[in-house]
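Engineer: Pasting a structure below so you can have a look.
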Amino acid sequence: MSNTPAELKYAKSHEWVKKLPDGTLLIGITDHAQAALGDLVFVETPKVGRKLAANEACCVVESVKAASDVYAPVAGTVTETNTKLGENPELVNDAPYEGGWLWKLQPDKLADVDGLLDADSYIASIA
Amino acid sequence: MLKATALHAEHLRLGAKLVDFAGWDMPIQYASQLDEHHAVRKSAGMFDVAHMSAVDLHGARTREFLRLLLANDVAKLKMPGKAPADAVGVGKALYSCMLDERGGVIDDLIVYLIAEDAFRLVVNAGTTDKDLAWLRAKAPAFGVDVRHRSDLGILAVQGPEARAKVDALLPAELAQACAGLTPFSAAWLGDRFVGRTGYTGEDGYELILPQADLVAIWTDLLAAGVAPCGLGARDTLRLEAGMNLYGQDMDESVSPLECGLAWTVSFADEARAFIGRAALEAQRAAPPRKSIGLVLEGRGVLRAHMAVRAANGELGETSSGGYAPTMKGSIAMARVPGSAVGPYEVEIRGQWLPTREVKPPFVRHGKVLV
Numbered sequence: 004m005s006n007t008p009a010e011l012k013y014a015k016s017h018e019w020v021k022k023l024p025d026g027t028l029l030i031g032i033t034d035h036a037q038a039a040l041g042d043l044v045f046v047e048t049p050k051v052g053r054k055l056a057a058n059e060a061c062c063v064v065e066s067v068k069a070a071s072d073v074y075a076p077v078a079g080t081v082t083e084t085n086t087k088l089g090e091n092p093e094l095v096n097d098a099p100y101e102g103g104w105l106w107k108l109q110p111d112k113l114a115d116v117d118g119l120l121d122a123d124s125y126i127a128s129i130a
Numbered sequence: 052m053l054k055a056t057a058l059h060a061e062h063l064r065l066g067a068k069l070v071d072f073a074g075w076d077m078p079i080q081y082a083s084q085l086d087e088h089h090a091v092r093k094s095a096g097m098f099d100v101a102h103m104s105a106v107d108l109h110g111a112r113t114r115e116f117l118r119l120l121l122a123n124d125v126a127k128l129k130m131p132g133k134a135p136a137d138a139v140g141v142g143k144a145l146y147s148c149m150l151d152e153r154g155g156v157i158d159d160l161i162v163y164l165i166a167e168d169a170f171r172l173v174v175n176a177g178t179t180d181k182d183l184a185w186l187r188a189k190a191p192a193f194g195v196d197v198r199h200r201s202d203l204g205i206l207a208v209q210g211p212e213a214r215a216k217v218d219a220l221l222p223a224e225l226a227q228a229c230a231g232l233t234p235f236s237a238a239w240l241g242d243r244f245v246g247r248t249g250y251t252g253e254d255g256y257e258l259i260l261p262q263a264d265l266v267a268i269w270t271d272l273l274a275a276g277v278a279p280c281g282l283g284a285r286d287t288l289r290l291e292a293g294m295n296l297y298g299q300d301m302d303e304s305v306s307p308l309e310c311g312l313a314w315t316v317s318f319a320d321e322a323r324a325f326i327g328r329a330a331l332e333a334q335r336a337a338p339p340r341k342s343i344g345l346v347l348e349g350r351g352v353l354r355a356h357m358a359v360r361a362a363n364g365e366l367g368e369t370s371s372g373g374y375a376p377t378m379k380g381s382i383a384m385a386r387v388p389g390s391a392v393g394p395y396e397v398e399i400r401g402q403w404l405p406t407r408e409v410k411p412p413f414v415r416h417g418k419v420l421v
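As structure tokens, then:
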């Protein structure tokens, strides 16, 4: 049974979003997604400063099996990426909501986050 | 409806993720594919390969038949010396392609010499039906009986500790014969057959056993600490070992000279007109395409069917590619025009990335060779 923390928001395409105190968003992929992908061996995060449209494919996670796109849950600008993933892509498998985060985003409109799924709706979408 | 091997319930019990492989419901991984890969490189792992087929050939002219049907020459297989116990048999094995008249690869297989009038083939799962049809079409002229041994199942046990783990579970006289096996040879007792062969680049066995025995030996090996491994780890292991996968690195549109298997074609006996020989002779001096090994210089993952560009502009494609867990990098096998000259670049998501050309295998016996 995969872990889906109640305090986060989710996209149907398996990203999670956490609001940080400074108004930026922390973004990663869900526990369900990492389990389905299998062992990750390479992560290509979007460049800092890149402007993303909502639902834009902007990041690639590669497991032993296949490459998969990760999408921007809301529109905004990339402010930071998780540089630890270069050497340790398995952080996404081991701690998808903690050390395995992918990038930080300054959202165009913070209110866009409210339009994402809550944990129960996400769980229902993957059931 | 997918077919299931005798070990299917064991896979479910272990929580394996199952996929359709050539019409069979097979485990791709149990827990971590990387852990399974490393278990085989460092200790021992086992693979249900009971979807593959053993085919027994009988008849006084079987050797002559196989000298026509196989590109390698079974004349290299000498009648075995005496086994340590009367009831135990021992024999040698040979890897070969079976070609069509155009020199295309119908299948790649292992052939074992059992007796002067009896040989055993081990063939791929996805090709079993067409192999049997091909063999049966040619066999009557030689009086050869072709028997698909669907009563037998195959279990591969691979890794530096694999043979000792298996030997401990075998009847004493068979274990004694197995302990003395050289690579690419086999020992058997009745219908229990042990080949010192594999598809991982490590030492180990491929066991061919009565279907009814598979669950018991699987359970005993599990208890002995042998890791259950899925087709995912099997693929990364064979790729690191530089071994071709039928249907991916070669098929009927490719000759063995174009997929790195020239070493398995025996031209030595000029009088031996094996099927496909004329086509191979015509391209022997300069095969139209060649297979190369590539190591990605930077980060990223090479996959099958990526575009490959040679320094002299010639274009090709990766046939197999992936992450190589032992190397902590990515490798591929690619097919390019025979006239291509390296270095080669591979296109990943619109970017041409540099690679280093190497001669496979990439990894053998736990060591990185390139």
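From first to last, the protein sequence lines stand for chains X and S. Under this note's numbering, residues 4 to 130 are what the first sequence spells out, in order. Under this note's numbering, residues 52 to 421 are what the second sequence spells out, in order. Each residue gets a CB set at the ideal place from its N, CA and C atoms; glycine is no exception.
Let me check understanding here. Comparing Cα to Cα, which of X:A56, X:E65, X:L23 and X:R53 lies closest to X:I32?
Structural biologist: Position 29 of the first sequence, counted from the first residue, corresponds to residue 32 of chain X. Cα-wise, what sits closest to X:I32 is X:E65.
Engineer: Here's the rule I'm using: 16 or more other beta-carbon atoms within 10 Å means buried, otherwise exposed. How should S:E167 be labelled?
Structural biologist: Position 116 of the second sequence, counted from the start, is the residue given in the question as residue 167 of chain S. Its Cβ having fewer than 16 others within 10 Å, S:E167 is exposed.
Engineer: Name the chain S residues whose beta carbon is nearer than 7 angstroms to that of X:K68?
Structural biologist: In the first sequence, the residue the question calls residue 68 of chain X occupies position 65. In chain order: G283.
Engineer: Flag this pair as yes or no: are the beta carbons of S:V156 and S:A144 separated by less than 8 angstroms?
Structural biologist: Your numbering for residue 156 of chain S matches position 105 in the second sequence. Your numbering for residue 144 of chain S matches position 93 in the second sequence. Not in contact: S:V156 and S:A144 (Cβ atoms no closer than 8 angstroms).
Engineer: State yes or no: is the C-beta of S:G349 within less than 8 angstroms of the C-beta of S:F413?
Structural biologist: Against the second sequence, residue 349 of chain S aligns to sequence position 298. Against the second sequence, residue 413 of chain S aligns to sequence position 362. No, they are not a contact pair.
Engineer: DSSP three-state call for X:L105: helix, strand or coil?
Structural biologist: Taking the first sequence and counting its residues from 1, one reaches residue 105 of chain X at position 102. It is coil, neither helix nor strand.
Engineer: Using the Cβ count rule (16 or more neighbours within 10 Å means buried), how would you classify S:M149?
Structural biologist: To locate residue 149 of chain S, count along the second sequence from 1; it is residue 98. The residue in question, S:M149, is buried, as its Cβ has 16 or more Cβ neighbours within 10 Å.
Engineer: Give the DSSP-derived three-state secondary structure of S:Q299 in the structure shown.
Structural biologist: For the purposes of this step, residue 299 of chain S is identified with residue 248 of the second sequence, where counting begins at 1. Coil at S:Q299, not helix or strand.
Engineer: In angstroms, rounded to a whole number, what distance separates the CA positions of S:Y395 and S:G351?
Structural biologist: Working through the second sequence from its first residue, we reach residue 395 of chain S at position 344. Working through the second sequence from its first residue, we reach residue 351 of chain S at position 300. C-alpha separation (whole angstroms): 16 angstroms.
Engineer: Is X:I129 helix, strand or coil by DSSP?
Structural biologist: What you label residue 129 of chain X is simply residue 126 of the first sequence in a count that begins at 1. Helix at X:I129.
Engineer: Distance check for S:R340 and S:S390, CA to CA, integer angstroms please.
Structural biologist: In the second sequence, counting from the first residue as 1, residue 390 of chain S sits at position 339. In the second sequence, counting from the first residue as 1, residue 340 of chain S sits at position 289. For S:S390 and S:R340, the distance between alpha carbons rounds to 8 angstroms.
Engineer: When the Cα of S:E365 is compared with those of S:A385, S:L58 and S:M378, which residue comes out closest?
Structural biologist: For the purposes of this step, residue 365 of chain S is taken as residue 314 along the second sequence, with counting starting at 1. Nearest option by C-alpha distance: S:A385.
Engineer: Does the Cβ-Cβ distance between S:C310 and S:N295 come in under 8 angstroms?
Structural biologist: One-based indexing of the second sequence puts residue 310 of chain S at position 259. One-based indexing of the second sequence puts residue 295 of chain S at position 244. Contact: yes.
Engineer: For S:S370 versus S:D300, is the C-beta spacing smaller than 8 angstroms?
Structural biologist: Position 319 of the second sequence, counting from 1, holds the residue named residue 370 of chain S. Position 249 of the second sequence, counting from 1, holds the residue named residue 300 of chain S. Yes.
Engineer: Work out the CA separation of S:L172 and S:A223 for me, nearest whole Å.
Structural biologist: Indexing the second sequence from 1 puts residue 223 of chain S at position 172. Indexing the second sequence from 1 puts residue 172 of chain S at position 121. Their backbone Cα atoms lie some 26 angstroms apart in a straight line.
Engineer: Leaving aside the five residues before and after S:D159 along the sequence, list all residues of the same chain whose C-beta is less than 6 angstroms from its C-beta, in chain order.
Structural biologist: Working through the second sequence from its first residue, we reach residue 159 of chain S at position 108. Hits under 6 angstroms: C148 and Y297.
Engineer: Residues of the region 69-83 of chain S in Cβ contact with chain X at a cutoff of 7 angstroms, in chain order, please.
Structural biologist: Here the close residues are Q80 and S83.
Engineer: Along chain S, in chain order, which residues have C-beta atoms closer than 7 angstroms to that of X:E65?
Structural biologist: Residue mapping note: residue 65 of chain X aligns to position 62 of the first sequence, counting from 1. Those are V352, listed as they occur along chain S.
Engineer: Taking 8 angstroms as the CB-CB limit, is S:Y250 close to chain X?
Structural biologist: Counted from its first residue, the second sequence places residue 250 of chain S at position 199. No, no contact with chain X.
Engineer: In three-state DSSP terms, what is S:F244?
Structural biologist: Locating residue 244 of chain S in the second sequence gives position 193, counting from the first residue. Strand, per DSSP.
Engineer: Between S:D196 and the rest of its own chain, which residues show a CB-CB distance below 6 angstroms, the 5 nearest in sequence each way excluded?
Structural biologist: Indexing the second sequence from 1 puts residue 196 of chain S at position 145. Counting only Cβ-Cβ distances below 6 angstroms, and skipping sequence neighbours, we find H109 and G110.
Engineer: For the beta strand (DSSP E) that contains X:V46, what are its first and last residues?
Structural biologist: As a working note, residue 46 of chain X is residue 43 in the first sequence. Looking at the DSSP string, the run of the beta strand (DSSP E) that includes X:V46 is L43 to E47.
Engineer: Which residue from X:L108, X:L40 and X:K15 puts its Cα closest to that of X:T80?
Structural biologist: For this step, residue 80 of chain X is matched to residue 77 along the first sequence. Checking every option, the nearest Cα to that of X:T80 belongs to X:L108.
Engineer: Taking only beta carbons into account, state which residues of the region 34-55 of chain X come closer than 8 angstroms to chain S, listed in chain order.
Structural biologist: The region 34-55 of chain X vs chain S, Cβ under 8 angstroms: G41, D42, V44, F45 and E47.
Engineer: Verify whether the separation of the beta carbon atoms of S:T327 and S:G154 is less than 8 angstroms.
Structural biologist: As a first step, residue 327 of chain S must be located in the second sequence, where it is residue number 276. As a first step, residue 154 of chain S must be located in the second sequence, where it is residue number 103. Going by the sequence as given, residue 327 of chain S is Gly instead of Thr. Cβ distance < 8 angstroms, so S:G327 and S:G154 count as in contact.
Engineer: In the DSSP assignment, find the beta strand (DSSP E) that holds S:G372 and state where it starts and stops.
Structural biologist: Against the second sequence, residue 372 of chain S aligns to sequence position 321. Segment L366 to A375, the beta strand (DSSP E) holding S:G372.
Engineer: DSSP three-state label for S:G36, please.
Structural biologist: A question about residue 36 of chain S goes unanswered here, because the residues of chain S that appear run from 52 up to 421.
Engineer: In chain order, what residues of the region 358-374 of chain S put their CB closer than 9 angstroms to some CB of chain X?
Structural biologist: Residues G373 and Y374.
Engineer: CB X:V67 to CB S:T287, shorter than 8 angstroms?
Structural biologist: Locating residue 67 of chain X in the first sequence gives position 64, where the first residue counts as 1. Locating residue 287 of chain S in the second sequence gives position 236, where the first residue counts as 1. Closer than 8 angstroms, so yes.
Engineer: Could you give the DSSP three-state label for X:E65: helix, strand or coil?
Structural biologist: Translated into the one-based positions of the first sequence, residue 65 of chain X becomes position 62. Correct three-state label for X:E65: strand.
Engineer: Comparing alpha-carbon positions, which option in S:D151, S:V141, S:L164 and S:K93 lies nearest S:L126?
Structural biologist: For the purposes of this step, residue 126 of chain S is identified with residue 75 of the second sequence, where counting begins at 1. The question names Leu, but residue 126 of chain S in the sequence shown is Ala. For S:A126, the nearest C-alpha among the options comes from S:L164.
Engineer: Taking S:V409 as the reference, give the member of S:A292, S:A355 and S:E303 with the closest Cα.
Structural biologist: Numbered from its first residue, the second sequence carries residue 409 of chain S at position 358. Answer by Cα proximity: S:A292.
Engineer: In terms of DSSP beta bridges, what is S:L260 paired with?
Structural biologist: Here residue 260 of chain S is taken as the residue at index 209 of the second sequence, counted from 1. BP columns for S:L260 point to S:G204.
Engineer: With respect to the beta strand (DSSP E) encompassing S:V156, which residues constitute its N-terminal and C-terminal limits?
Structural biologist: Mapped onto the second sequence, residue 156 of chain S falls at position 105. Taken as a continuous stretch (DSSP letters only), the beta strand (DSSP E) holding S:V156 covers V156 to A166.
Engineer: Which residues, in chain order, does the region 284-313 of chain S contribute to contact with chain X at a C-beta distance below 8 angstroms?
Structural biologist: Under the 8 angstroms Cβ criterion, the region 284-313 of chain S contributes T287.
Engineer: Round the Cβ separation of X:G103 and X:D97 to the nearest angstrom and send it over; I've been treating them as touching at under 8 angstroms.
Structural biologist: By one-based count along the first sequence, residue 103 of chain X stands at place 100. By one-based count along the first sequence, residue 97 of chain X stands at place 94. Yes, X:G103 and X:D97 are in contact; Cβ-Cβ is about 7 angstroms, under 8 angstroms.
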